[in-house]
Amino acid sequence: MVEGQIISTERVNTGNPMSASSGCLKVRLEKIGHYTIGREFPFPSSEDLERALKLAICESLAYLIIVLLISSSFYFLSN
């Protein structure tokens, strides 16, 4: 997450993932008149969109692997 910034998004649970993504990708996310996340970073470019998609794919694969490991461990422990 971007340090030292209090994020005031419309929904309670959106600030943390948006801040983490902003910090990881080093891009500025802004809703004009509402909030700005990552003020010290530039606005996203088309290359940043590609990086964001790769990040989302990696996160999804990591989640899938963790779920498979946990579910398979429960399966083997129950037998």
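Using the working numbering, read the sequence shown as starting at 1 and increasing by one per residue.
Beta carbons are placed, not taken as given, at the ideal position from N, Cα and C, and that holds for glycine.
Pull up the DSSP beta-bridge partners for residue i, would you.
{"i": "K31", "result": "Y35"}
According to DSSP, is residue i part of a helix, a strand, or is it coil?
{"i": "N79", "result": "coil"}
{"i": "R11", "result": "coil"}
{"i": "F74", "result": "helix"}
{"i": "E40", "result": "coil"}
{"i": "S46", "result": "helix"}
{"i": "M1", "result": "Per-residue confidence for M1 stands at a pLDDT of 49, beneath the threshold of 50, marking its modelled position as unreliable; no derived number is given."}
How far does the alpha helix (DSSP H) with residue i in it extend, from its first residue to its last?
{"i": "S19", "result": "G15 to L25"}
With a threshold of 7 Å (Cβ to nearest heavy atom), would residue i be considered close to the ligand SAH?
{"i": "D48", "result": "The ligand content of the structure shown is nil, which means the ligand SAH is not present either."}
My understanding is that residue i touches residue j, with C-beta atoms under 8 Å, so please give their C-beta distance in whole angstroms.
{"i": "A52", "j": "S21", "result": "7 Å"}
Contact the region 57-74 vs the region 31-40: 3+ CB pairs below 8 Å: Between the region 57-74 and the region 31-40, the count of C-beta pairs closer than 8 Å stays below three; the two stretches do not touch.
At least three beta-carbon pairs within less than 8 Å, the region 20-29 to the region 37-48: With a cut-off of 8 Å, the region 37-48 and the region 20-29 count as touching, because enough Cβ pairs lie within range.
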